[in-house]
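Asker:
Chains as they are written, first to last, in this note's numbering: chain A, 3 to 288; chain B, 3 to 288.
(1) What does residue 17/B reach in chain A if we use C-beta pairs closer than 7 Å?
(2) Assuming the contact rule is C-beta atoms closer than 8 Å, residue 90/B and residue 32/B should be a hit. Round their C-beta distance to whole Å, please.
(3) Could you say which of 49/A, 191/A, 276/A lies nearest to residue 150/A if we only look at CA atoms?
(4) Using a Cβ cut-off of 7 Å, pull out every chain B residue sitting near residue 151/A, in sequence order please.
(5) Just to check my reading of the structure: residue 218/A and residue 248/A have Cβ atoms closer than 8 Å, yes? What is that Cβ distance to the nearest angstrom?
(6) Excluding the 5 residues flanking residue 156/B on each side, which residues of the same chain have their C-beta closer than 8 Å to its C-beta?
(7) Along chain B, which residues have their Cβ under 9 Å away from the Cβ of residue 115/A?
(8) Using 8 Å for Cβ pairs, my map puts residue 244/B next to residue 264/B. What's the rounded Cβ distance?
(9) Taking only beta-carbon positions, decide if residue 34/B is within less than 8 Å of chain A.
(10) State the Cα-Cα distance for the pair residue 112/B and residue 158/A, rounded to the nearest angstrom.
(11) Does residue 243/B come out as helix, strand or coil in the three-state DSSP assignment?
(12) Within the 8 Å Cβ cut-off, does residue 162/B reach chain A?
(13) What alpha helix (DSSP H) runs, 4 residues minimum, are completely inside the stretch 108-161 of chain A?
(14) Exposed or buried, what is residue 95/A when buried is set at 16 or more other beta-carbons lying within 10 Å of its beta-carbon?
(15) To the nearest angstrom, how far is the alpha carbon of residue 16/B from that of residue 8/B?
(16) With the cut-off set at 8 Å, would you say residue 86/B and residue 35/B are in Cβ contact?
(17) Residue 172/B by DSSP, collapsed to three states: which one?
(18) Using only alpha-carbon positions, find the residue among 60/B, 246/B, 59/B that is nearest to residue 132/B.
(19) In chain order, what residues of the stretch 55-77 of chain A put their CB closer than 9 Å to some CB of chain B?
(20) Does the Cβ-Cβ distance between residue 45/A and residue 214/A come in under 8 Å?
(21) The stretch 199-231 of chain B: which residues have C-beta closer than 7 Å to a C-beta of chain A, in chain order?
(22) Whole angstroms are fine: how far does the CA of residue 206/B sit from the CA of residue 153/B?
(23) If you count every other CB in all the chains shown that lies within 10 Å of the CB of residue 72/B, and 16 or more means buried, which is it?
(24) The alpha helix (DSSP H) with residue 185/A in it runs from where to where?
(25) Quickly, what does DSSP pair residue 248/A with across the bridge? List them, please.
(26) Would you grab the beta carbon distance between residue 42/A and residue 285/A for me? Rounded to a whole angstrom, and I think it's under 8 Å.
(27) Does chain B have any CB closer than 8 Å to the CB of residue 103/A?
(28) With distances taken from CA atoms, which of 183/A, 11/A, 88/A is nearest residue 39/A?
(29) Taking 8 Å as the CB-CB cut-off, is residue 26/A touching chain B?
(30) Please tell me whether residue 8/A has its Cβ less than 8 Å away from any Cβ of chain B.
(31) Beta carbons nearer than 7 Å to chain A: which residues of the stretch 245-276 of chain B have them?
(32) Give the straight-line distance between the Cα atoms of residue 272/B and residue 253/B, rounded to the nearest whole angstrom.
(33) Quick check: what's the CA-CA separation for residue 240/A versus residue 268/A?
(34) With a cut-off of 8 Å, does the C-beta of residue 141/B fall near any C-beta of chain A?
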């Protein structure tokens, strides 16, 4: 069961007139908890504040969210959630009358939930994961692109496309044939020591871990400056290394997309290994 | 205040782990109540069932929704809601663990809410309404097009574009410059006794009233067969008559879009008047 705080109160319910339910009118963050502390808190808060601004949602401030996160974590009776849990923060535009119009000043609804981290096989990190290419075409919407908002039906439909448990993630493309992301992750490729990730100005979620990897790689003298650009499926197939990332999994090498195999292991994907180690160091020394 | 039934229970809250909140993973219908009866019930149910099928949401059946609607309406102590209210039915995929994947068999969540109908000025029907063209570009997504789902951030952002109360509705276009709909309505034009409405295979909501108008017009011998096709803003400006429609307002003539005026009144827009009368007759003789 989930433990939740809604606007500072312990409860597992929200109002049926909350705009998060009515219109998906809100945002969310998923953070990893390590030793009772949210990992990359500052980066998640920076994104949440920036995306609130883009949607015109009244950001309640980092302080109150930090306090509520600590209350929730410290009250957790479940050691798993405490030691290595997942904190989900949903911020909605708040409650309003029926209809799309809303008073610009209504206070946002804060929903914080804690759950145990999923038990993912160690092989995903060591041997890489298998992906498929999803049929659903991601819509292009510059006004919403990059934002981790609550309008996630495309991701839901994409995840419904397969049941085979060997397939760990699905790859999403837009109508131009450009790769956007995974259903729950961002995608990177390495080609001749160049790190590349899809441009997300039209679709997709600009993940916090994606941003951190771009920064880490930019500071690494043994790599070329990382770039965000339009990438096709063929670009991925031609790559030396491919990996996916998000806040819960960190980095997982990709061993296979459809019928195409990638080398994984110390010699197979050295830059992925290096980036995963750097990310791990950063997340544990915050 | 709203009166709500959630899965048959009187309550104003839903679970924080409902997928309607988490991902906008659901659908809704907005019905007008007249003399304690929902108007065009069969048509709304047909659409809800069809759209549930498209999203893979388990449709609970019309019977239980009809029973719950009657419970809610008959318990209403507010005469306004009883005589001329609005019934909103939300159907979500249900509750699940964190993550996009969901068991295909989980029962949908049923949320029925009753509110008083808005008091719209009589002039909207008599003299027509003024519209503006919205800046936001509607994304194209064939898999979601036409469905009245809960991912409505585009409509929310569009409605935030103006505060001027003289502007009643905003017009939404896609990236090809084709008119899709209003923020809360569908759009029709009449040109040389031809009735036309935007093709909604890429974007927009295929409204129940839009469908009924297409049927009524198709049965009307004094008009040409109505068509759904790609229409530009210029097509609207060249039209003899323009109107908008939805379940709450019925039909409203459009008197102005930006700086372009349309004739409204018995002689100005005879087909709009005729269709509004036919729609009114149908809705009161069900």
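Ideal Cβ positions, reconstructed from N, Cα and C, are used throughout, including at glycine.
Answerer: In short, the structure shows the following:
(1) Here residue 17/B refers to the residue found at position 15 of the second chain. The contacting residues are 14, 15.
(2) The residue you call residue 90/B lines up with position 88 of the second chain. The residue you call residue 32/B lines up with position 30 of the second chain. Indeed they touch by this definition, with Cβ atoms about 5 Å apart.
(3) Stepping through the first chain from its first residue, residue 150/A is reached at position 148. Residue 150/A has its Cα closest to that of 49/A, out of 49/A, 191/A, 276/A.
(4) Translated into the one-based positions of the first chain, residue 151/A becomes position 149. Ordered by position in chain B, the residues that pass the 7 Å Cβ test against residue 151/A are 155.
(5) Position 216 of the first chain, counted from the start, is the residue given in the question as residue 218/A. Position 246 of the first chain, counted from the start, is the residue given in the question as residue 248/A. A Cβ-Cβ distance of about 15 Å is found for the pair residue 218/A and residue 248/A, leaving them out of contact under the 8 Å criterion.
(6) For the purposes of this step, residue 156/B is taken as residue 154 along the second chain, with counting starting at 1. Here the set comprises 138, 140, 141, 174.
(7) Indexing the first chain from 1 puts residue 115/A at position 113. By Cβ distance, chain B contributes 18, 19, 100.
(8) Residue 244/B sits at position 242 when you count from the first residue of the second chain. Residue 264/B sits at position 262 when you count from the first residue of the second chain. Sure, about 6 Å apart at Cβ, within 8 Å.
(9) As a first step, residue 34/B must be located in the second chain, where it is residue number 32. Interface criterion not met: the Cβ of residue 34/B is under 8 Å from no Cβ in chain A.
(10) In the second chain, counting from the first residue as 1, residue 112/B sits at position 110. In the first chain, counting from the first residue as 1, residue 158/A sits at position 156. Going by the C-alpha atoms only, they are around 19 Å apart.
(11) In the second chain, residue 243/B corresponds to position 241, counting from 1. Residue state, collapsed to three classes: strand.
(12) Numbered from its first residue, the second chain carries residue 162/B at position 160. Chain A, which has a Cβ nearer than 8 Å to the Cβ of residue 162/B, makes this yes.
(13) Those alpha helix (DSSP H) runs which fall completely within the stretch 108-161 of chain A and span 4+ residues are 125-129, 155-161.
(14) As a position in the first chain, residue 95/A is number 93, starting the count at 1. If you draw a 10 Å sphere on the C-beta of residue 95/A, you find 16 or more other C-beta atoms in it, and that means buried.
(15) By one-based count along the second chain, residue 16/B stands at place 14. By one-based count along the second chain, residue 8/B stands at place 6. C-alpha of residue 16/B to C-alpha of residue 8/B: approximately 7 Å in a straight line.
(16) If you number the second chain from 1, residue 86/B lands on position 84. If you number the second chain from 1, residue 35/B lands on position 33. Taking a C-beta distance under 8 Å as the contact criterion, residue 86/B and residue 35/B qualify as a contact pair.
(17) As a position in the second chain, residue 172/B is number 170, starting the count at 1. The answer is strand: DSSP assigns residue 172/B an E or B state.
(18) Position 130 of the second chain, counted from the start, is the residue given in the question as residue 132/B. Taking the Cα of residue 132/B as reference, the smallest distance to any Cα among 60/B, 246/B, 59/B is reached at 246/B.
(19) Taking 9 Å as the Cβ-Cβ cut-off against chain B, the residues of the stretch 55-77 of chain A that qualify are 57, 58.
(20) One-based indexing of the first chain puts residue 45/A at position 43. One-based indexing of the first chain puts residue 214/A at position 212. Judged by beta-carbon spacing, residue 214/A lies within the 8 Å limit of residue 45/A, meaning their Cβ atoms are closer than that value.
(21) When C-beta distances to chain A are compared with 7 Å, every residue of the stretch 199-231 of chain B stays at or above that value.
(22) Counted from its first residue, the second chain places residue 153/B at position 151. Counted from its first residue, the second chain places residue 206/B at position 204. Spanning the two alpha carbons is a distance of roughly 11 Å.
(23) In the second chain, counting from the first residue as 1, residue 72/B sits at position 70. That one is exposed.
(24) Residue 185/A sits at position 183 when you count from the first residue of the first chain. It is not in any alpha helix (DSSP H) - residue 185/A carries neither H nor E in the DSSP assignment.
(25) To locate residue 248/A, count along the first chain from 1; it is residue 246. Paired residues: 252/A.
(26) The sequence position of residue 42/A within the first chain is 40, counting from 1. The sequence position of residue 285/A within the first chain is 283, counting from 1. Sure, about 6 Å apart at Cβ, within 8 Å.
(27) Sequence index remark: in the first chain, residue 103/A carries index 101 (1-based). Chain B contact via Cβ: present.
(28) For the purposes of this step, residue 39/A is identified with residue 37 of the first chain, where counting begins at 1. Considering only alpha carbons, the answer is 88/A.
(29) For this step, residue 26/A is matched to residue 24 along the first chain. Interface residue, yes.
(30) Here residue 8/A is taken as the residue at index 6 of the first chain, counted from 1. Output row for residue 8/A: interface = yes.
(31) Cβ contacts with chain A: none found.
(32) Taking the first residue of the second chain as 1, we reach residue 272/B at position 270. Taking the first residue of the second chain as 1, we reach residue 253/B at position 251. So the two alpha carbons sit approximately 13 Å from each other.
(33) Indexing the first chain from 1 puts residue 240/A at position 238. Indexing the first chain from 1 puts residue 268/A at position 266. Approximately 19 Å, taken between the alpha carbons.
(34) Here residue 141/B refers to the residue found at position 139 when the second chain is read from its first residue. Chain A contact via Cβ: present.
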